[in-house]
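Numbering (the numbering used here), first residue to last: 3 to 200. Built from N, CA and C at the ideal position, the CB exists for glycine as well. Remarks on the structure that follows.
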Ligand SMILES: [Fe+2]
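What follows is the structure in structure tokens.
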């Protein structure tokens, strides 16, 4: 009598896929968590010089000084190092972008509330538009081209004039007009706006 071949018993072997997926998800979450923490840390460090100022007005003035210093550093970087110029320009654009957003989203709307604020509001936005256009030109221009240096000089001149008006006239007048509590609230709002894009 022939015996049927013994049937192989299929034993259930738990797939390893579940744990692989779980481990992958875990490492993605850990990586995302570390990245998020690093991102928050970077934002805090970037905003710290402004946040440590006495108030919004002093914070913006410090940023003006830092911006002019960054432009001077870029202007002093030789055209023989175009990549170095590109890196510095990227940092400058980020710095100006964050500063402009703080002003446009928080400070300028407050300036507009004054009786003559409407016209000032329009002029300030126009200045910011010119600055953005010049930053675009700088981005597009060959970093070794003398036109780059000329546009950078124009940018510095335009910014200096714009900053002087803000620092000497507009900002002190707004700070004076607001109560202490309103100034504190404005300082907090401006720093929050800065942290968002820092
Ligand atoms: Fe400004």
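Put simply, the stretch 124-144 touches the stretch 158-167. At least three CB pairs are less than 8 Å apart. In this structure, residue 192 sits away from residue 133, with a CB-CB distance that is not shorter than 9 Å.
Shown here, residue 116 sits in coil according to DSSP, grouped into three states, outside any helix or strand. The beta-carbon distance between residue 200 and residue 100, rounded to whole angstroms, is 6 Å. This is short enough to meet the 8 Å contact definition.
Proximity to residue 85 across 138, 144, 114 peaks at 144, based on C-alpha coordinates. No heavy atom of ligand 1 is found nearer than 8 Å to the CB of residue 127. Ranked by Cα distance from residue 119, the first of 51, 179, 64 is 179. Inter-residue distance for residue 24 and residue 32 is about 12 Å (C-alpha atoms, whole angstroms). Per DSSP, reduced to three states, the secondary structure at residue 97 is helical. Judged by DSSP in its simplified three-state form, residue 180 adopts coil rather than helix or strand.
In this model, residue 87 and residue 80 are separated by some 8 Å (Cα to Cα). Taken from the Cβ of residue 96, every heavy atom of ligand 1 lies 8 Å or farther away. Residues 95 of the same chain have their beta carbon placed closer than 6 Å to that of residue 137, with the five preceding and five following residues left out of the count. A residue is called buried when at least 16 other Cβ atoms come within 10 angstroms of its Cβ; residue 102 meets this threshold and is buried.
Secondary structure of residue 83 (DSSP, three-state): coil. Each residue's CA atom was taken as its position, placing residue 164 and residue 104 some 15 Å apart.
Cβ atoms of residue 52 and residue 64 come within 8 Å of each other, at about 6 Å. Taking residue 172 as reference, the option from 147, 83, 58, 141 with the minimal CA-CA separation is 58.
Sorted by chain position, residues whose beta-carbon lies closer than 6 Å to a non-hydrogen atom of ligand 1 are 62, 66, 101, 105, 165, 168.
The three-state reading of DSSP puts residue 147 in coil, since its state is none of H, G, I, E or B.
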